[in-house]
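Q: Quick note, the sequences are listed as chains A and B, same order. Mapping of the first sequence onto my numbering: residues 345 to 524, in sequence order. Mapping of the second sequence onto my numbering: residues 345 to 524, in sequence order. Sharing a structure below in structure tokens format, with a few things to ask.
Protein chains: 2
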Amino acid sequence: MAVTPLRERTRREIEQQAIVLFSDKGYLATSLQDIATAAGCSKATVLYHFTSKAAVLASVLEQPSALLAALLDEASQLPPAEAQERTINGFVDLGVQFRGLLNVLNEVIPSVLEIPELEGLVAAGDRLARLLAGSDDPEQIAMAEFAIHGLLGACRVEHLQYTEEQLRNLCVKATRRLLT
Amino acid sequence: MAVTPLRERTRREIEQQAIVLFSDKGYLATSLQDIATAAGCSKATVLYHFTSKAAVLASVLEQPSALLAALLDEASQLPPAEAQERTINGFVDLGVQFRGLLNVLNEVIPSVLEIPELEGLVAAGDRLARLLAGSDDPEQIAMAEFAIHGLLGACRVEHLQYTEEQLRNLCVKATRRLLT
DNA sequence: GTCTATACGAAGATAGAC
DNA sequence: GTCTATCTTCGTATAGAC
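This is how it looks when you write it as structure tokens:
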């Protein structure tokens, strides 16, 4: 148990290489052959460990998804005002931390409904908007969604010209302006 | 001249069907075969009129691109304060009018640098951010970019639940909050 | 000039040998 | 568990009918 079983080694290597390639070239521009070559195995081996290319993506997004879900669960149990505060800071932190993968997220959103493995993320997006909004006012929720898209776009495009700290401050400031 | 030449009929039909398909399923999920079938011709005919799939996209985006460029040219010649005002309203109008295609734009952005036909749009994005910002302050420009991404996302995701008027008001309000 | 027919390489995915 | 071989469909290219 202390030692990684052999059966998991290849799978992990595939996932790690996929993270690098997806962050670098994007999901669609990365082929199964690219992943296989980087991981030192064949295309068929990738599809043995993951049932499809979308399944590789889902696996790559598993950790950030879980962290987002945990944040939402935690914030849900706070009083409304604190919940909004916690959600803003936590979401910006997640966005900055996983900015390489946000690139991928944005890329895939248009067809996200056709990737069953990513349904959980869609649902999380709805919960996130409601918590950010801090109320059930439709306009406030729309502002929250505007903020989410702004953040995804900002982290994607500018992840090279700003430090993590600058990006975090910018996103928090913009989100507050939208939700006040 | 009053009558549409035959040579243009097929081309127009292809473009119209491409707009519908791109708006509905997205660019990447639409194949040349889909376009050809919808237009009532063969794949090769599509590629006779347009040199590649990317060229079809470029043609589809030609009108909104031209309108955006015209808006930026017009706003550039106004004094700073009016320029910002004009750019906000004009850009929101364009976003709402072509919201079906914004879907496509978002989808293609990650790899936009690899589609030569779309270089003009990238440059326009930079000009747009500077005009929206109304100054050369980097933070203000970052806010403008945040607003652009928010708008693209909002128009894309919510283009079914809101009327054009509601969407326009929402986007103007959000953009003002970010840029004030 | 306008189109159909056909072919090529690469993609995601599956079947079966080892 | 990993491979090779194979299937289908994609985007693209070209030859040639009308």
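Even glycine gets a Cβ: it sits at the ideal position worked out from N, Cα and C. Treat the numbers as computed from the prediction; the structure is a model and nothing was measured.
Taking Leu476 (chain B) as the reference, give the member of B:Pro408, B:Phe435, B:Thr381, B:Asp368 with the closest Cα.
A: That would be B:Phe435, whose Cα lies nearest to the Cα of Leu476 (chain B).
Q: Counting contacts by CB-CB distance shorter than 8 Å, is Val516 (chain B) in contact with chain A?
A: Val516 (chain B) does not count as touching chain A.
Q: If you draw a straight line from the alpha carbon of Phe394 (chain A) to that of Val400 (chain A), how long is it in whole angstroms?
A: One C-alpha to the other measures close to 6 Å.
Q: Can you tell which of A:Ala488, A:Arg474, A:Glu489 has its C-alpha closest to the C-alpha of Pro424 (chain A)?
A: Comparing Cα positions, the closest option is A:Arg474.
Q: Mind listing the chain B neighbours of Leu522 (chain A)? Cutoff is C-beta to C-beta under 7 Å, in chain order.
A: Here the neighbours are Ala518, Arg521, Leu522.
Q: So which residues on chain B does Ser367 (chain A) lean against when the C-beta distance must stay under 7 Å?
A: None at all; the shortest Cβ gap to chain B is about 11 Å.
Q: Which whole-angstrom value is the C-beta distance of Gly497 (chain B) and Leu496 (chain A), which I expect to be below 8 Å?
A: Indeed, because the Cβ distance is near 7 Å, the residues count as touching under 8 Å.
Q: In chain B, which residues lie with their C-beta within 8 Å of the C-beta of Phe490 (chain A)?
A: Under the 8 Å cutoff, chain B gives Gly494, Leu495, Gly497, Ala498, Leu514, Cys515, Ala518.
Q: Cβ of Ile453 (chain A) less than 8 Å from any chain B Cβ?
A: For Ile453 (chain A), the answer is yes, since a Cβ of chain B falls inside 8 Å of its Cβ.
Q: For Ser409 (chain B) and Gly469 (chain B), what's the separation of their Cα atoms in angstroms?
A: Rounded to whole angstroms, Ser409 (chain B) to Gly469 (chain B) spans 10 Å at the Cα level.
Q: Cβ of Ala419 (chain B) within 8 Å of Cβ of Ala427 (chain B)?
A: Yes, the pair counts as a contact, with Cβ atoms nearer than the cut-off.
Q: Taking 8 Å as the threshold (C-beta atoms), are Val448 (chain B) and Leu511 (chain B) in contact?
A: No, the Cβ-Cβ distance between Leu511 (chain B) and Val448 (chain B) is not below 8 Å.
Q: Taking its Cβ as the centre, do 16 or more other Cβ atoms sit within 10 Å of Ala518 (chain B), making it buried, or is it exposed?
A: So Ala518 (chain B) ends up on the buried side.
Q: Using 8 Å as the limit for Cβ to Cβ distance, is Ala473 (chain B) near chain A?
A: Answer no: the Cβ-Cβ gap between Ala473 (chain B) and chain A never drops below 8 Å.
Q: For Arg520 (chain A), collect the residues of the same chain with a Cβ closer than 6 Å to its Cβ; drop the 5 residues on either side in sequence, then sort them by chain order.
A: Once the five neighbours on either side are set aside, Arg520 (chain A) has no close Cβ partner at all.
Q: Starting from the C-beta of Tyr506 (chain A), find all residues in its chain whose C-beta is less than 8 Å away, skip the five residues before and the five after it, and write them out in chain order.
A: Excluding residues within five positions, the ones whose Cβ falls inside 8 Å are Leu514.
Q: Please decide whether Leu372 (chain B) counts as near chain A, where near means a Cβ-Cβ distance under 8 Å.
A: Leu372 (chain B) counts as touching chain A.
Q: Return the Cβ separation of Cys499 (chain A) and Arg430 (chain A) in integer angstroms, given the expectation that the two are a contact with Cβ distance under 8 Å.
A: Cys499 (chain A) to Arg430 (chain A), Cβ: 19 Å. No contact.
Q: Check whether the Cβ atoms of Thr374 (chain B) and Ala380 (chain B) sit closer than 8 Å, and answer yes or no.
A: Taking 8 Å as the Cβ cut-off, Thr374 (chain B) and Ala380 (chain B) do not qualify as a contacting pair.
Q: What does the Cβ neighbour count give for Glu463 (chain A), buried or exposed, with the cut at 16 atoms within 10 Å?
A: Answer is exposed; the Cβ neighbour count stays below 16.
Q: Indicate the three-state DSSP secondary structure (helix, strand or coil) for Gly434 (chain A) in the structure shown.
A: Helix.
Q: Express the C-alpha separation of Glu483 (chain A) and Glu508 (chain B) in angstroms, rounding to a whole number.
A: If you take the alpha carbons of Glu508 (chain B) and Glu483 (chain A), they lie about 15 Å apart.
Q: Closest by CA to Asn433 (chain B), which one among B:Phe490, B:Ile459, B:Leu412, B:Ile453?
A: Out of B:Phe490, B:Ile459, B:Leu412, B:Ile453, B:Leu412 has the C-alpha closest to the C-alpha of Asn433 (chain B).
Q: Less than 8 Å between CB atoms is the rule here; does Ala477 (chain B) satisfy it with respect to chain A?
A: No, its Cβ sits nowhere closer than 8 Å to a Cβ of chain A.
Q: Output needed for Ile485 (chain B): all residues of its chain with C-beta closer than 6 Å, excluding positions within five of it in sequence on either side, in chain order.
A: Contacts found: Ala473, Ala477.
Q: Output, in chain order, the set of chain A residues within a Cβ distance shorter than 7 Å of Val501 (chain B).
A: In chain order: Glu489.
Q: Sorted by chain position, which residues of the same chain lie with C-beta nearer than 7 Å to Phe490 (chain A)'s C-beta, five sequence neighbours on each side aside?
A: Counting only Cβ-Cβ distances below 7 Å, and skipping sequence neighbours, we find Leu522.
Q: Output the distance between the C-alpha atoms of Asp437 (chain B) and Asp417 (chain B), rounded to the nearest integer angstrom.
A: The alpha-carbon atoms of Asp437 (chain B) and Asp417 (chain B) are separated by roughly 16 Å.
Q: Cβ closer than 8 Å: which chain A residues qualify as neighbours of Asn447 (chain B)?
A: Within chain A, the residues near Asn447 (chain B) are Pro454.
Q: Short of 7 Å in beta carbon distance, which residues of its chain neighbour Leu422 (chain A), apart from the five on each side in sequence? Order them along the chain.
A: Same-chain partners within the cutoff: Arg430.
Q: Please work out which residues of its chain come closer than 6 Å, Cβ to Cβ, to Asn450 (chain B), disregarding the five sequence neighbours upstream and downstream, and give them in chain order.
A: So the list reads Leu496, Arg500, once near-sequence residues are dropped.
Q: With a cut-off of 8 Å, does the C-beta of Glu463 (chain B) fall near any C-beta of chain A?
A: Answer no: the Cβ-Cβ gap between Glu463 (chain B) and chain A never drops below 8 Å.
Q: Smallest Cα separation from Ile459 (chain A): which of A:Lys397, A:Gly494, A:Ala488?
A: With distances taken between Cα atoms, Ile459 (chain A) lies closest to A:Lys397.
Q: Measure the Cβ-Cβ separation of Val404 (chain A) and Glu359 (chain A) and say whether it is below 8 Å.
A: Contact flag set, yes.
Q: Going straight from the alpha carbon of Leu529 (chain A) to that of Lys387 (chain B), what length do you get?
A: Here chain A comprises residues numbered 345 to 524, so residue 529 (chain A) is not present and cannot be evaluated.
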